[in-house]
Each structure stands twice: as structure tokens, then as C-alpha cells.
Amino acid sequence: MQRSKLETFLGTLEKATSLDALQQLTFALKDLYHVDHVVYHWVSADGEQYGAGTYDRLWVQRYIEKDYVRVDPVVVGCYQRFHPVDWKRLDWTTKTAKVFREDAIAHGVGNQGLSVPIRGPSGQFALFTISHSCKDDEWTSFIEDNRRDIILIAHYFNQKGLELEKSRVPAPNQSLSPREVDAMTFLAMGYSRAQVADTLAISEHTLRVYIESARHKLGALNTTHAVARAMNRGLIVV
Numbered sequence: 011m012q013r014s015k016l017e018t019f020l021g022t023l024e025k026a027t028s029l030d031a032l033q034q035l036t037f038a039l040k041d042l043y044h045v046d047h048v049v050y051h052w053v054s055a056d057g058e059q060y061g062a063g064t065y066d067r068l069w070v071q072r073y074i075e076k077d078y079v080r081v082d083p084v085v086v087g088c089y090q091r092f093h094p095v096d097w098k099r100l101d102w103t104t105k106t107a108k109v110f111r112e113d114a115i116a117h118g119v120g121n122q123g124l125s126v127p128i129r130g131p132s133g134q135f136a137l138f139t140i141s142h143s144c145k146d147d148e149w150t151s152f153i154e155d156n157r158r159d160i161i162l163i164a165h166y167f168n169q170k171g172l173e174l175e176k177s178r179v180p181a182p183n184q185s186l187s188p189r190e191v192d193a194m195t196f197l198a199m200g201y202s203r204a205q206v207a208d209t210l211a212i213s214e215h216t217l218r219v220y221i222e223s224a225r226h227k228l229g230a231l232n233t234t235h236a237v238a239r240a241m242n243r244g245l246i247v248v
């Protein structure tokens with residue numbers, strides 16, 4: 011996605027005030043990326059589920075009726091992982107997985123997908139998924155071009171999801187600035203400093219200032235310690 015379009019989309023996402031707004035944004039994102047589907051699904055700390063996405067309602071209803079969440083390789087596989095997962099790397103060899111896959115494709119889900127697992131404070135878990143119907147080489151090229159943006163959008167979606175979560179207890183005032191939160195989040199995700207600076211469109215010198223400021227506020231001994239403290243305090247979501 012072009013940088014200007016991405017920034018415009020993230021700005022609109024930050025202003026969302028309802029689940030309906032998130033739903034509309036999944037369709038907007040689908041059009042921007044020219045993919046079949048975009049889905050954001052999260053489970054709150056007390057087990058209540060929310061979601062927004064472009065799947066056909068018939069498929070959503072069937073998914074619930076069949077209790078597919080128990081056998082869906084995407085859900086099962088991503089719950090055990092911390093990094094973005096290409097669906098091709100999941101285990102589709104079991105009989106139940108094959109039946110599920112055939113049913114999903116028949117309902118227009120798509121044969122390709124990338125899901126970003128996200129863990130938040132107090133047990134919150136979320137998945138952000140983009141899926142499409144295309145050949146392997148086309149999908150590989152798409153992911154290579156858009157992987158970073160998809161991860162960034164996934165975490166922005168989750169931040170908004172946490173804000174809208176009905177049962178969430180308001181968090182204490184955060185001591186980190188938005189840029190410091192962004193820097194800590196990407197470092198926690200395994201990005202190098204050069205990659206973080208490039209993603210945030212800032213120089214590595216400016217990034218170093220943000221990191222050192224965050225480290226000082228958190229009373230951390232080093233960057234790794236700062237990331238760990240930020241995660242433990244719920245200041246960043248990975």
C-alpha cells in the first residue's frame with residue numbers, strides 16, 4: 011500500500027468509536043489491498059468474543075454452528091505462535107482440517123492467508139487476518155510487498171479493539187509517548203533498529219532517542235529490559 015494511503019487509513023482507524031466503524035474499515039482495507047477478505051477477531055480477558063470482518067454471514071453462521079474454532083488450523087496454530095503465520099505453514103493434513111478447508115474455500119474464504127496473532131494485557135488474544143484466492147507465487151509476492159504494513163495495521167486494530175472492549179478496566183495513565191510505544195512494540199516483535207526506523211519513517215538517531223527515553227521512564231537497565239517491563243505493565247501489546 012502506498013505510504014500516504016496507509017497513513018490516511020491508520021488515521022481513520024484511530025478515530026473509530028464503535029464496532030460498526032471497525033466493520034466498515036475491514037471492507038475499506040479489503041478494497042485498498044484488493045484481497046478477498048480482512049478479518050479482526052479478539053477474545054477479551056473474561057472470554058467474551060468480538061469481531062469485525064468481510065466474511066459472508068452464511069460462513070460466519072456455519073463456522074459457529076459447526077464449532078469450527080476447535081479444529082480451525084489457523085486458530086489452533088496461531089494461538090501457539092507469536093509471529094505472523096502464512097497459512098501454508100500450518101498443519102492441514104488431518105481429516106478434520108481437510109474438511110474444514112474445503113468448506114471454507116467453498117464459502118469464499120480463499121486458499122491463501124496471513125494471520126497475525128496478538129496478545130494483550132490480562133489474557134486478551136486477537137487474530138488479524140488477510141486472505142485471498144490466488145496462486146502460491148502471487149501470494150508470496152504480495153506478502154513480501156505488504157508484510158510490514160499488515161503487521162502495523164494489525165496492531166493498530168488491536169489497540170482500537172482494546173479501547174472498545176466493553177469489559178475492559180481503564181488502564182492507568184501511560185508514561186510512554188505514542189512514538190515510544192511504537193518503538194517498543196516493534197522491538198518486542200523482533201524488528202531490528204533499522205527496520206523499526208524504516209517502518210516509522212524516522213532516522214535511527216531519532217529512534218535511539220525514543221528508545222533511551224522509554225528505557226529511562228521504565229527504569230530499565232537496557233533495551234531488552236525496557237521491552238520486558240513495557241510488556242509486563244501492559245504498555246505495549248505484542
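To convert, take the position in the sequence shown, counting from 1, and add 10; that gives this note's numbering. We put the CB at the ideal spot given by N, CA and C, even for glycine.
Positions of the beta strand (DSSP E) runs, each at least 3 residues long and wholly inside the segment 46-120, are given as 47-53, 59-63 in order along the chain. When Cβ pairs closer than 8 Å are counted between the two stretches, the segment 125-145 is seen to touch the segment 81-101, the count reaching three or more. Proximity of the segment 158-166 to the segment 100-117 falls short of the contact definition, fewer than three beta-carbon pairs being nearer than 8 Å. In the DSSP annotation of this structure, glycine 130 is not part of any beta strand (DSSP E), being labelled neither H nor E. DSSP links glycine 123 through a beta bridge to Ser141. Residues of the same chain with a CB within less than 8 Å of the CB of phenylalanine 196, apart from the 5 flanking positions on each side, are Gln205, Val206, Thr209, Leu210 in chain order.
Contact annotation: glycine 118 and asparagine 168 have beta-carbon atoms that are not nearer than 8 Å.
The criterion of a C-beta distance shorter than 8 Å is not satisfied by proline 127 and tyrosine 65. Beyond the five residues adjoining it in sequence on each side, tyrosine 220 comes within less than 7 Å, by CB distance, of Arg189, Glu190, Ala193 in the same chain, given in chain order. Counting along the chain, histidine 215 sits inside the alpha helix (DSSP H) bounded by residues 214-228. In this structure, the beta-carbon distance from glycine 120 to histidine 47 falls below 8 Å.
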